[in-house]
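Below is one structure, written out as structure tokens; comments come after it.
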Ligand code: DAH
């Protein structure tokens, strides 16, 4: 019996299989009711008692070798099938690639840029690491003026001339950069990242995004500002959207205003989102203060202009009903996958 098992082990080791049917034949031959193993177990009963221990062990080892071999043959077969079908059957559809999707903030930024570009605005850029002059002084924030506290600033480097390096707290700094280098008239929007020293919560973040708008020409009036913003509101939130301008204060505009759009969720009736008022605040705006024009060398007796600035996160929250700012920065695929757009 020992000899039979040794011979059969050698035969088993050499076995190969091309098809599932081959494997089934092997299984029947060894493990089937009338198979080799059952026959060996019958014969085992005849083995003299003193040899039973050794033979039993041999037999059991052989049985698990058979089982392992069959499992291995199956695995090899599956592997070779999946390798060859892709190559040989060219009519089969290719496996799908999972495509990424745009970030909701990019979708909304692109949409805003596109809306303004239709009425002649071009995109302008400026650095994220700025200096005091472009973020504050040129925008009519005098030194020590309390309006500087409106925005909690990250200071990067202290400089002797007091023109400290700072992370820009708003994209209004791009207004100054553009006025310095571009010929008049100017009509630009500047999307970008801004930084403020705020504790992170559902409603505040230390990094966020804004879009700044700037229009300077001869005879630009508050009526032009209002018309441009009404056009934007209707394109962004729907034809029936209305706007309202409330007096406000910014150092770089005079007069200054805060713009609200009618709440498109409740149609102005009052709901949770607009806190019962029927209006949603979306941006600051105003006529550029003559001091700001003069600081960049523009003659405020000849030219006038308006500016506006809005937070992209806020617009995206209203558009998609997103309740927590932190979701934008956590890169959770379950969140990001929900947004799709042509832009
Ligand atoms: N820079 C302002 C802020 O971050 C927003 C703003 C208000 C921009 C009025 C403007 C403007 O251009 O005219 O809060």
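Numbering (my numbering), first residue to last: 348 to 690.
Even glycine gets a Cβ: it sits at the ideal position worked out from N, Cα and C.
Keep in mind the model is a prediction, meaning the values are calculated, not measured.
(request) Tell me the start and end of each unbroken alpha helix (DSSP H) in the segment 608-674 that is at least 4 residues and wholly inside, in chain order. (result) You should have 637-642 and 659-667.
(message) What does the alpha-carbon distance come out to for the pair residue 484 and residue 524?
(response) Near 13 Å, if we compare the C-alpha coordinates of residue 524 and residue 484.
(message) So if DSSP puts residue 556 in a beta bridge, which residue, or which two residues, is it bridged to?
(response) The partner list for residue 556 (beta bridge, DSSP) reads 540.
(message) Please classify residue 398 as buried or exposed, where buried requires at least 16 neighbouring CB atoms within 10 angstroms.
(response) Answer is exposed; the Cβ neighbour count stays below 16.
(request) Check the C-beta distance from residue 518 over to residue 557 and give it rounded, since I have them as a contact under 8 Å. (result) About 4 Å; that satisfies the 8 Å criterion.
(request) Determine, using beta carbons only, whether residue 542 and residue 501 come nearer to each other than 9 Å. (result) Closer than 9 Å, so yes.
(request) Kindly confirm or deny that the segment 435-445 and the segment 382-395 touch, where touching means at least three C-beta pairs closer than 8 Å. (result) Flag = no, the segment 435-445 and the segment 382-395 do not touch.
(request) Please look up how many angstroms separate the CB atoms of residue 463 and residue 579, rounded, as I've assumed it's under 8 Å. (result) A Cβ-Cβ distance of about 7 Å is found for the pair residue 463 and residue 579, placing them in contact under the 8 Å criterion.
(message) Within a Cβ cutoff of 6 Å, which residues of the same chain sit near residue 416, ignoring the five residues on either side of it in sequence?
(response) The beta carbon of residue 416 sits closer than 6 Å to those of 359, all from its chain and outside the five residues before and after it, given in chain order.
(request) Mind checking which residues open and close the beta strand (DSSP E) that includes residue 596? (result) First-last of the beta strand (DSSP E) with residue 596: 590-597.
(request) Could you please give the first and the last residue of the uninterrupted alpha helix (DSSP H) stretch that includes residue 477? (result) Unbroken run through residue 477 is the beta strand (DSSP E), 476-478; no alpha helix (DSSP H).
(message) Please report the straight-line C-alpha distance between residue 586 and residue 675, rounded to a whole angstrom.
(response) About 28 Å.
(message) Quick check: is any heavy atom of the ligand DAH less than 8 Å from the C-beta of residue 497?
(response) The answer is yes for residue 497.
(request) With DSSP collapsed to three states, give me the class of residue 505. (result) In the structure shown, residue 505 sits in coil (DSSP, three-state: anything other than H, G, I, E or B).
(message) Between the alpha carbons of residue 505 and residue 516, how many angstroms are there, rounded?
(response) Going from the Cα of residue 505 to the Cα of residue 516 covers about 17 Å.
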